[in-house]
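Here the structure comes first, spelled out in structure tokens, and everything after it is commentary.
4 protein chains.
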Amino acid sequence: METTIKMSTFATVKRMTMICFDSDYMEGAHPRILDRLAESNFEQTTGYGTDAHTENAKRLIRKACGCPDAEVFFLVGGTQTNATVIDGLLRHWQGVLAAPTAHINVHEAGAIEAGGHKVITIEPDPEDCSKLTAEGIAATIKTFSDDPTCEHMVAPGMVYISHPTEYGSLYTLGELEAISAVCRDAGIPLFMDGARLGYALASPANDAGLKDIARLCDIFYIGGTKVGALFGEAVVMPQPGLIPHFTTLIKRHGGLLAKGRLLGIQFEVLFSDDDGKPLYVRTAENAINTAARLKEIFLGHGIELYMDSPTNQQFFLLPNDVIKRLMEAGVSFEQWGPLRESVSPVRFVTSWATPPESVERLNEILDDAVKI
Amino acid sequence: METTIKMSTFATVKRMTMICFDSDYMEGAHPRILDRLAESNFEQTTGYGTDAHTENAKRLIRKACGCPDAEVFFLVGGTQTNATVIDGLLRHWQGVLAAPTAHINVHEAGAIEAGGHKVITIEPDPEDCSKLTAEGIAATIKTFSDDPTCEHMVAPGMVYISHPTEYGSLYTLGELEAISAVCRDAGIPLFMDGARLGYALASPANDAGLKDIARLCDIFYIGGTKVGALFGEAVVMPQPGLIPHFTTLIKRHGGLLAKGRLLGIQFEVLFSDDDGKPLYVRTAENAINTAARLKEIFLGHGIELYMDSPTNQQFFLLPNDVIKRLMEAGVSFEQWGPLRESVSPVRFVTSWATPPESVERLNEILDDAVKI
Amino acid sequence: METTIKMSTFATVKRMTMICFDSDYMEGAHPRILDRLAESNFEQTTGYGTDAHTENAKRLIRKACGCPDAEVFFLVGGTQTNATVIDGLLRHWQGVLAAPTAHINVHEAGAIEAGGHKVITIEPDPEDCSKLTAEGIAATIKTFSDDPTCEHMVAPGMVYISHPTEYGSLYTLGELEAISAVCRDAGIPLFMDGARLGYALASPANDAGLKDIARLCDIFYIGGTKVGALFGEAVVMPQPGLIPHFTTLIKRHGGLLAKGRLLGIQFEVLFSDDDGKPLYVRTAENAINTAARLKEIFLGHGIELYMDSPTNQQFFLLPNDVIKRLMEAGVSFEQWGPLRESVSPVRFVTSWATPPESVERLNEILDDAVKI
Amino acid sequence: METTIKMSTFATVKRMTMICFDSDYMEGAHPRILDRLAESNFEQTTGYGTDAHTENAKRLIRKACGCPDAEVFFLVGGTQTNATVIDGLLRHWQGVLAAPTAHINVHEAGAIEAGGHKVITIEPDPEDCSKLTAEGIAATIKTFSDDPTCEHMVAPGMVYISHPTEYGSLYTLGELEAISAVCRDAGIPLFMDGARLGYALASPANDAGLKDIARLCDIFYIGGTKVGALFGEAVVMPQPGLIPHFTTLIKRHGGLLAKGRLLGIQFEVLFSDDDGKPLYVRTAENAINTAARLKEIFLGHGIELYMDSPTNQQFFLLPNDVIKRLMEAGVSFEQWGPLRESVSPVRFVTSWATPPESVERLNEILDDAVKI
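Residue numbers (our numbering), protein chains in the order written: chain A, 5 to 376; chain B, 5 to 376; chain C, 5 to 376; chain D, 5 to 376.
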């Protein structure tokens with residue numbers, strides 16, 4: 005088994021003095037996860053999530069969600085999870101309601117339509133284009149029912165929201181309660197995309213805990229990929245049986261990992277807890293803290309917010325020359341859409357792994373970039 | 005970042021004295037892979053396979069395949085890879101030719117049909133139900149073209165084979181050349197599912213090397229999941245441009261890993277080489293050696309072969325009482341279909357990780373089990 | 005509104021002395037249907053089957069089937085009907101059981117797979133490859149349930165049979181009862197493709213009436229296209245609610261005729277009755293009588309049957325030189341597969357419109373063709 | 005063949021004094037079509053459009069379109085045609101650009117998504133929400149190409165427009181030329197839904213003739229259902245080979261009519277011509293004339309236009325009490341969306357079959373309804 009490998013065969017990733025705020029999936033995983041993967045490496049377990057680690061991870065998640073009967077499933081990535089869940093919930097006469105900016109509508113390369121389903125975009129919150137409102141959902145459902153031609157239209161069959169949203173914003177507990185009530189009234193399930201759920205749970209601005217979410221959503225997922233895992237999303241159905249044969253659907257969607265225990269082990273680590281708080285939330289706190297400091301730094305330099313986000317994605321309006329100078333100084337981040345005439349929106353993202361010193365270094369760079 | 009985790013939160017996997025031959029995905033990954041993942045854990049790289057590790061892994065694979073222009077893509081699992089490749093190759097009037105026993109026909113929960121494509125099963129090799137023959141493929145294509153109603157039928161649009169096959173057997177180089185010639189003559193692509201390709205390459209019975217495969221197939225994949233990786237399959241298109249926008253198709257199929265470098269790093273390790281042979285093949289040799297010893301042991305105990313396989317899957321005809329005794333002695337393996345009256349087919353699988361001592365221990369257990 | 009049209013703009017169809025037995029959709033419609041279409045031409049009715057003719061046709065069909073609560077829907081053609089019904093019945097983890105020769109498996113250009121569904125072919129009746137047996141269905145369901153890997157497989161979700169079959173044969177009432185019992189036991193619906201149902205009902209060999217079929221099948225359709233209508237198939241669900249929102253599914257499948265009344269009017273005519281027997285069955289009798297005479301004529305000339313059919317499709321084994329001479333004499337019919345060495349299978353089809361004199365003329369031609 | 009049918013079995017459609025302006029598919033077909041169907045009823049022809057009538061209809065259409073090499077195909081209905089054409093043009097990484105109000109986006113029950121394709125809605129003409137603009141299409145294509153995440157998005161793969169539009173409006177020849185140029189520049193096909201094309205061609209406001217359309221569109225269809233046929237749409241591909249195996253795709257979509265000649269015969273009649281103008285256009289003129297008179301009448305009563313349409317659909321803003329009185333007087337038409345507070349939009353549709361006297365009768369009714 006021992007082998008000697010010429011190191012020259014490996015890529016050398018230029019670290020330079022780059023300070024990266026591009027996304028929350030730039031690093032690997034929380035070190036405890038790597039440790040556990042190494043420790044368990046030569047265990048022999050059966051495949052496809054039938055192992056004891058996976059069973060244990062489910063138990064820990066059920067406990068954290070306060071729903072002892074919940075069904076829990078693990079998938080590898082977010083698009084896969086959205087496509088499989090939506091395919092499992094909708095019948096062929098139905099579509100999924102979502103905001104125009106929703107990830108499923110814009111950035112999943114048609115994965116939902118690949119399953120034969122229409123994404124029905126509806127008017128978002130006038131204050132926040134990444135959020136739906138209970139009123140908007142109710143109005144859409146009513147308009148559909150009232151339309152004499154509705155038999156020729158795709159019926160609202162479920163509601164998709166994300167928390168945090170694509171713009172880092174949060175639903176309040178009250179908003180979630182109202183949306184949930186509308187959905188239950190209409191008899192259609194509410195699905196929460198929680199790709200970044202950890203960053204909601206770790207944000208002081210958040211008042212909807214895991215147990216609230218489990219009470220108000222019919223199905224949701226707890227994102228691992230962006231919150232400390234190598235990869236992995238945990239789908240939770242508080243009421244078992246919501247989607248029969250879900251394992252077969254996951255397989256059909258190419259999402260059933262052969263070595264399913266890799267998912268089990270990672271969520272075992274993430275939902276292990278020390279002081280009554282799972283590692284999943286604790287490790288997310290670093291992202292919230294560094295993001296808050298980032299906002300403070302930018303505001304301190306007279307930079308305006310593009311949107312006000314209480315989580316790990318921060319959006320600013322930067323003068324184009326500042327954008328240029330930051331890039332020249334080795335700071336990487338995303339322009340949010342095309343450059344505008346003089347001031348353009350940008351996104352800075354922190355994560356569980358963002359070194360606080362990177363943020364402070366950015367502060368210094370900004371002194372120069374803005375001063376000039 | 006440092007955390008203390010109560011170990012009691014983790015599952016304890018019963019190792020006992022179990023000797024497991026259930027499958028080739030029971031362990032984690034080659035230790036070098038885990039090492040590299042740990043070493044590179046805090047590198048910051050862009051997502052979705054745009055990083056330097058992935059680029060480097062592609063370079064190494066192109067070199068090993070002897071096709072410097074090849075396009076290489078990484079996906080997470082086999083079903084996902086099959087579904088995405090087939091979806092990329094077929095137009096809507098076409099289907100994929102395959103053996104009735106093919107994985108895509110039986111064990112992928114309808115993932116091919118989910119893309120709207122028909123699996124057209126054809127007569128397999130009369131000597132080996134898991135193989136297609138050039139004659140069989142040619143006859144199917146001719147029957148279709150000759151049928152006056154063929155405009156109402158699904159046209160043969162590509163050929164799917166696996167190497168090794170579902171039954172561990174191998175195509176000879178001559179057979180692959182004949183099949184390739186039939187496909188090129190008909191103008192339809194040949195796709196090889198190489199989920200276990202490493203075990204073919206490491207088998208002394210194999211005479212088709214990676215460069216032959218790259219020359220004869222229009223597209224194929226090099227399976228990592230079952231051959232030393234945590235997960236991952238490397239799709240190779242020797243002629244670039246075979247499937248335009250394949251990255252978008254992977255995303256659409258939910259197969260684009262956010263932290264794409266995890267795949268790049270694993271294949272960097274697997275295609276690093278020491279003595280002119282990639283680790284991928286060297287680590288597979290253990291499976292071939294232990295499988296050969298296994299066959300020797302069973303034959304030595306007067307057990308008959310169910311099929312004669314030169315790779316890591318071995319099929320025997322075991323008396324039902326021997327099956328029972330082996331299980332009681334802690335040996336795990338798969339029955340191959342339902343129990344028959346007195347003697348039933350079973351499958352034993354070895355892998356890159358199978359300890360030789362497990363095989364020897366099985367030898368002793370078999371002494372007792374058969375003796376009685 | 006009056007217009008003069010130059011007749012030279014129309015195609016002149018060569019009638020010659022051709023005697024045609026190619027299929028049962030070579031002519032237009034029963035003259036009463038054309039009359040009623042003309043009579044009702046300037047009525048103004050609402051679209052999509054919401055008109056009084058359609059309502060009335062449904063009433064007549066419910067009455068003929070003896071199921072006053074049945075839901076009845078009209079579609080234009082058979083492939084469309086099969087695809088829509090199967091799409092409506094199956095969930096994504098399920099497939100449809102069918103004979104390998106089934107129309108849905110061979111001659112619908114992948115319309116079932118286009119909906120994402122697998123056609124699971126099973127062993128047909130050893131005596132008749134176009135029929136399923138209750139035992140075969142039960143065995144397939146059991147094999148699936150017993151398979152430890154069944155979560156990775158497409159589950160049997162419904163059964164598809166045709167009556168008459170692709171080969172003109174019929175299920176006995178006893179066979180239908182046995183198949184129905186197996187399906188109900190397994191909790192999966194039984195669907196009968198009745199594209200040629202009229203020819204079953206008009207055959208003296210048939211002992212399963214419309215009321216039996218309505219009692220034993222969960223859904224079936226009464227084919228109009230091949231039995232006297234211009235086009236049209238009537239789907240009957242004896243228990244209402246079997247497929248919710250079926251109208252929307254029909255629309256989604258492109259099968260909702262704008263001028264739905266055209267279907268209503270045709271089935272009004274076909275299910276109007278004179279002496280306790282709907283025109284649908286009475287007009288089919290001509291096909292049965294001419295087919296029986298055809299069989300008598302061929303047998304009288306020493307020709308062997310390829311299969312023994314009691315309905316309007318007749319299959320013979322003709323010496324190749326007789327085939328040639330018949331064609332030269334202006335008789336058209338279908339070879340059933342490729343020509344064999346000296347004697348080849350052929351299909352002759354009669355219909356509601358076949359002139360008895362054509363059959364007698366064939367008798368004379370055969371005298372010469374066989375005599376030589 | 006002769007039969008006596010009790011007339012009481014037929015539905016009696018209440019004609020009363022109803023004056024119907026609900027839609028353009030309320031009557032049957034142009035009488036010449038019924039005549040030809042009757043005349044040809046006992047011809048025997050081969051199926052699926054392989055007959056001489058169909059061939060002849062194609063010839064007439066090619067001639068009318070001025071493109072002798074065009075491929076022409078006949079389908080039964082509009083949704084089916086849209087779904088089949090779009091499915092034939094798009095690859096899986098692509099979607100279809102359309103106005104939010106487009107029929108394919110709103111009223112086809114998800115038929116496009118059923119084929120796995122996304123309808124990408126774009127900003128319509130600010131003056132007419134049912135039209136696209138060349139600028140809007142170009143901007144969408146540019147935004148897509150400029151987006152760094154475009155590999156994760158559905159690519160613009162074709163453009164869908166309708167002429168006349170959903171609101172009865174028309175593209176000018178100049179607009180079509182501009183749109184066509186943008187599409188050709190981008191290398192994506194332009195598809196025109198001509199469900200009501202006859203009403204454009206018959207409108208004096210229209211300056212784009214069939215030959216222009218054939219020159220500017222890559223594919224379009226000539227709608228029969230709403231313009232004098234019983235049913236039927238003729239798809240024209242000016243450059244042959246645009247969609248290979250289109251017949252098989254039509255079959256796969258359930259749109260291949262067994263008695264294909266019914267479509268051929270109808271279009272033979274519609275494209276027969278007397279004075280250099282096909283019956284198709286001549287019969288449409290009645291709709292244009294009655295619609296123009298309708299507009300005159302409404303304007304004469306002080307009613308405002310909701311939109312100004314030069315074709316057979318007219319949109320008005322009627323006081324709610326006038327709506328009520330018209331309905332009470334036996335006038336039927338469609339409310340266009342929900343009732344508003346005091347004045348609501350309504351749609352009146354004329355057709356090839358609208359009796360001019362119905363319009364004059366409406367004039368009288370309106371005198372009373374508005375006077376009060």
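Backbone N, C-alpha and C define an ideal beta-carbon position, used for all residues, glycine too.
Computed from a prediction, not measured in an experiment: that's the story for all the values here.
- Using a Cβ-Cβ cut-off of 6 Å (strictly less than) and excluding sequence neighbours within five positions of P104/A, which residues of its own chain qualify? Result list for P104/A: T125, in chain order.
- Query: Quick one: what does DSSP say V80/B is sitting in, helix, strand or coil?
  - Reply: Note: V80/B maps to coil in three-state DSSP.
- Where the beta strand (DSSP E) containing Q318/C begins and where it ends: Counting along the chain, the beta strand (DSSP E) containing Q318/C begins and ends at 317 to 323.
- Count the other C-beta atoms from every protein chain shown that fall within 10 angstroms of the C-beta of T58/C, then say buried if there are 16 or more, exposed otherwise. By the Cβ-count criterion, T58/C is buried, with 16 or more other Cβ atoms from all chains shown falling within 10 Å of its own Cβ.
- Message: Can you give me the C-alpha to C-alpha distance between A87/A and V240/D, rounded to a whole angstrom?
- Response: Each residue's alpha carbon lies about 36 Å from the other.
- Message: Counting only Cβ-Cβ distances shorter than 7 Å, please list the residues of the stretch 48 to 71 of chain B near chain D, keeping chain order.
- Response: From the stretch 48 to 71 of chain B, no residue has a Cβ closer than 7 Å to chain D.
- Query: Where does P379/D land, buried or exposed, given buried means 16+ other C-beta within 10 angstroms?
  - Reply: The requested residue 379/D is not part of the displayed model; chain D covers only 5 to 376.
- Where V231/A sits in the DSSP three-state scheme: The three-state secondary structure of V231/A, taken from DSSP, is coil.
- Take Y29/D and list the residues in its own chain whose beta-carbon comes closer than 8 Å to its own, dropping the five residues that flank it on each side. If the five residues before and after Y29/D are omitted, its C-beta is found closer than 8 Å to the C-beta atoms of T229, K230, S355, all from its own chain and listed in chain order.
- Query: What is the residue span of the alpha helix (DSSP H) that F302/C lies within?
  - Reply: DSSP places F302/C inside the alpha helix (DSSP H), whose first and last residues are 283 to 304.
- Close-in-space but distant-in-sequence residues of the same chain around S166/C (CB under 6 Å, 5 per side omitted): Excluding the 5 residues flanking it on each side, S166/C has same chain C-beta neighbours closer than 6 Å at D197, in chain order.
- Message: If contacts are defined as beta-carbon pairs under 8 Å, then G140/C and K122/C qualify, I think. What distance do you get, rounded to the angstrom?
- Response: About 17 Å separates the two Cβ atoms, so there is no contact after all.
- Cβ atoms of A233/B and L34/B: under 9 Å apart, would you say? In the sequence as presented, Leu is not what sits at residue 34/B; that position holds His. Going by beta carbons, H34/B and A233/B fall inside the 9 Å limit.
- Message: Can you check which of these residues, C71/C, V374/C, L370/C, Q317/C, is closest to F352/C by C-alpha distance?
- Response: In terms of CA proximity to F352/C, Q317/C leads the group C71/C, V374/C, L370/C, Q317/C.
- Query: Residues in the stretch 30 to 44 of chain B with C-beta within 8 Å of chain C's C-beta atoms, listed in sequence order?
  - Reply: Residues of the stretch 30 to 44 of chain B with a Cβ closer than 8 Å to any Cβ of chain C: none.
- Message: Judging by CA-CA distance, which residue of W340/B, F319/B, G304/B, L266/B is the nearest neighbour of G51/B?
- Response: Minimum Cα distance to G51/B is reached at L266/B.
- Distance CB(H156/D)-CB(H111/A) smaller than 9 Å: Against a cut-off of 9 Å, the Cβ pair of H111/A and H156/D comes out as a contact.
- Task: Spell out the partners DSSP gives Y225/C in its beta bridges.
- Result: Residue pairing for Y225/C: DSSP places it in a beta bridge opposite V239/C.
- Query: Between the C-alpha atoms of Y171/A and F319/A, what's the straight-line distance to the nearest angstrom?
  - Reply: Going by the C-alpha atoms only, they are around 8 Å apart.
- Query: Are there three or more Cβ pairs, one per stretch, closer than 8 Å when the stretch 201 to 221 of chain C is compared with the stretch 57 to 75 of chain A?
  - Reply: Here the stretch 201 to 221 of chain C makes no contact with the stretch 57 to 75 of chain A; the two share fewer than three CB pairs at distances below 8 Å.
- Using the beta-carbon count (16 or more within 10 Å), is T85/B buried or exposed? Counting other Cβ atoms within 10 Å of its Cβ, T85/B reaches 16 or more and is therefore classed as buried.
- Item | Helix, strand or coil at G99/B according to DSSP, with G and I counted as helix | Strand at G99/B.
- Message: Suppose only complete runs of 3+ residues qualify. What are the beta strand (DSSP E) ranges in the stretch 120 to 154 of chain D, listed by chain order?
- Response: Every unbroken stretch of the beta strand (DSSP E) spanning 3 or more residues and falling wholly within the stretch 120 to 154 of chain D is given here in chain order: 123 to 125.
- Determine, using beta carbons only, whether W356/D comes closer than 9 Å to chain A. No, W356/D lies away from the interface with chain A (no Cβ there is under 9 Å from its Cβ).
- Note down, in chain order, every chain D residue with its Cβ under 7 Å from the Cβ of E117/A. Correct list: E117, G120, H121, K122.
- Item | Option in Q270/D, S313/D, M162/D, C154/D with minimal Cα separation from A113/A | A113/A has its Cα closest to that of C154/D, out of Q270/D, S313/D, M162/D, C154/D.
- Message: Taking the straight line between their C-alpha atoms, what separation do you get for A204/C and T315/C?
- Response: Each residue's Cα considered, the two are about 6 Å apart.
- Assign K10/C to one of three DSSP states: helix, strand, or coil. Bear in mind that a pLDDT of 46 at K10/C, under 50, signals an unreliable position, so the model cannot answer this.
- Message: By DSSP's criteria, Q339/A is part of a beta bridge. Which residues make up the other side?
- Response: BP columns for Q339/A point to V350/A.
- With 9 Å set as the bound, which would you pick, yes or no: does the beta-carbon of G92/B sit closer than that to a beta-carbon of chain D? Taking Cβ atoms only, chain D reaches closer than 9 Å to G92/B, which makes this a yes.
- Query: My guess is that N24/C and A218/C are in contact by the Cβ rule of under 8 Å, so how many angstroms apart are they, rounded?
  - Reply: Looking at the sequence provided, one finds Cys at residue 24/C rather than Asn. Approximately 34 Å separates the beta-carbon atoms of C24/C and A218/C; this is outside 8 Å, ruling out the contact.
- For the alpha helix (DSSP H) that contains E272/C, what are its first and last residues? Here the alpha helix (DSSP H) through E272/C covers 265 to 274.
- Is it buried or exposed for G259/D, if we count other Cβ within 10 angstroms and need 16 for buried? With 16 or more other Cβ atoms within 10 Å, it is buried.
- Helix, strand or coil: how does DSSP classify L246/D here? Collapsing the DSSP output to three states places L246/D in coil.
- Task: Kindly say whether H305/A, judged by its beta-carbon, lies nearer than 9 Å to any beta-carbon of chain C.
- Result: No, no contact with chain C.
- Buried versus exposed call for L370/A [16 or more other C-beta atoms within 10 Å across all chains shown]: Answer is buried; the Cβ neighbour count reaches 16.
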